[in-house]
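The structure appears right after this line, and notes come after that.
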Amino acid sequence: MAKLYFYYSAMNAGKSTTLLQSDYNYRERGMRTILFSPRLDDRYGEGVITSRIGVQAKATAINDDYDIFEHVRSETNKDPVNCVLIDEAQFLTPAQVLQATLICDRLNIPVLAYGLRSDFRGEPFEGSKYLLAWAEELVELKTVCPSGKKATMNARLNENGEQILEGAQVAIGHNYVALSRKKFNLPLVSPIDYTVSEAAENDDREALRSTAEA
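Under this note's numbering, the first residue of the sequence shown is numbered 414, with each subsequent residue one higher.
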């Protein structure tokens with residue numbers, strides 16, 4: 414039985430590289446793949462998946478109302494499809510994630526989706542929320558924060574390298590950096606209404622002082 418896989422990570426963990434390697438592995442064995450990428454991400458041209466190491470592949474560029482299930486079903490009727498791969502899957506709509514499950518369940522074709530879990534404020538992307546809920550296989554691709562800890566968050570930076578705390582969820586072309594949750598400073602960045610007490614802040618400062626002196 415085909416499965417829906419969600420490969421997730423923070424920024425710059427090699428998601429596109431892993432996708433392109435998986436695609437190559439299928440095609441090297443004479444199998445047919447279909448690649449999808451969001452139309453809004455046109456940094457390297459529309460419908461082009463590009464890794465940071467320079468490897469590229471053409472993909473079908475999709476917008477919010479594109480039916481990926483019908484696309485794959487139609488293609489399968491022409492020639493068997495062995496795997497579907499989706500780049501930047503956090504931008505999928507809930508309907509498109511549902512369509513991805515149908516590609517697995519009704520067409521018996523595995524779907525490999527690659528994307529971020531959360532945005533620059535720590536809020537979950539809509540597509541990722543449903544992928545996390547519905548995928549049979551969840552695979553974390555790990556990367557490292559400048560602090561040396563595991564990076565799980567995605568900070569958006571301005572031209573001065575300062576963390577941006579407000580703005581639209583989707584902003585292609587900005588500079589991003591992967592950070593640990595502590596370095597990200599989730600209580601400050603998140604839109605969830607909670608303020609850490611001054612006493613707790615003092616405790617944290619005291620702990621940092623003690624660590625530095627040790």
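C-beta: ideal position from N, C-alpha, C; glycine also.
Bridge partners of M566 according to DSSP: L592. Looking at the DSSP output, F482 bridges to nothing. G540 is a Cβ neighbour of A502, given a cutoff of 7 Å. Note on geometry: alpha-carbon atoms of R534 and G427 lie some 21 Å from one another.
Between A474 and E459, the C-beta spacing is below 7 Å. With at least 16 other beta carbons inside 10 angstroms of its own, V494 counts as buried.
For A470, DSSP records a beta bridge to I462.
Judged by DSSP in its simplified three-state form, G540 adopts helix. E553 is bridged by DSSP to Y421. For Y437, the enclosing alpha helix (DSSP H) has its first and last residue at 428-441.
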